[in-house]
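A short worksheet on the structure shown next.
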Amino acid sequence: MRRLRPALPWLLLALVALAAVAVRYGLIEASVLGHRCEAAPGTPLCAVRQALVLGFLGYGYGYAALAASALALLWRRLPVAWLAAALGVLALLLYCVEAGAFALLVGCLRLLRCQAAAQHGNGQGEVQAQP
Numbered sequence: 736m737r738r739l740r741p742a743l744p745w746l747l748l749a750l751v752a753l754a755a756v757a758v759r760y761g762l763i764e765a766s767v768l769g770h771r772c773e774a775a776p777g778t779p780l781c782a783v784r785q786a787l788v789l790g791f792l793g794y795g796y797g798y799a800a801l802a803a804s805a806l807a808l809l810w811r812r813l814p815v816a817w818l819a820a821a822l823g824v825l826a827l828l829l830y831c832v833e834a835g836a837f838a839l840l841v842g843c844l845r846l847l848r849c850q851a852a853a854q855h856g857n858g859q860g861e862v863q864a865q866p
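Below you can see the structure in the form of structure tokens.
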């Protein structure tokens, strides 16, 4: 069980990516659902779809990913780094490409750094170079 612990954030990140793909292709880009929402726009599923579309039209996912990546750079904690990477994946797959790619990169690099620091027993997030 101890061996799987470092892989857990990465597995959860893959699950976030799968969920974002399901949302994109199952709710946003599904033409059948789009036609159904044009005919009956008041259904709860159409309201969720509309909220998701407004989220990327207003670049909300990108702004959230950028905010999380800034927090990850400031706080240097594993959960914040994972949040930046997860929001980066979500933004990247939901049409906020530039901010999503940046947040995914920052989150993953910070996540690796936090894991390396935890493995070497240095709780400050500093990894010493080997000669």
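Numbering of the sequence shown is given in our numbering, commencing with residue 736 and proceeding in unit increments.
Virtual Cβ for every residue (Gly too), placed ideally from N, Cα, C.
This structure is a prediction, so every number in the text was calculated from the model and none was measured.
Report, in whole angstroms, the separation of the C-beta atoms of residue i and residue j, which I expect to be a contact under 8 Å.
{"i": "leucine 847", "j": "leucine 839", "result": "Leucine 847 to leucine 839, Cβ: 12 Å. No contact."}
{"i": "glycine 875", "j": "alanine 807", "result": "Summary: the structure shown does not reach residue 875, with the chain confined to residues 736 through 866, and so no result is reported for it."}
{"i": "tyrosine 796", "j": "leucine 825", "result": "6 Å"}
{"i": "leucine 809", "j": "cysteine 849", "result": "Not really, about 13 Å apart at Cβ, beyond 8 Å."}
Going by the beta-carbon positions, is the gap between residue i and residue j smaller than 8 Å?
{"i": "alanine 803", "j": "cysteine 831", "result": "no"}
{"i": "alanine 805", "j": "arginine 845", "result": "no"}
{"i": "phenylalanine 791", "j": "leucine 829", "result": "yes"}
{"i": "leucine 787", "j": "valine 756", "result": "no"}
Which residues bound the alpha helix (DSSP H) around residue i?
{"i": "proline 744", "result": "743-758"}
Would you be able to state if there are at least three C-beta pairs under 8 Å between the segment 806-823 and the segment 741-758?
By the Cβ rule, the segment 741-758 counts as touching the segment 806-823, because three or more pairs are nearer than 8 Å.
Can you give, in chain order, each stretch of the beta strand (DSSP E) that sits fully within the segment 775-845 and has at least 3 residues?
Counting only runs of 3 or more, we get nothing.
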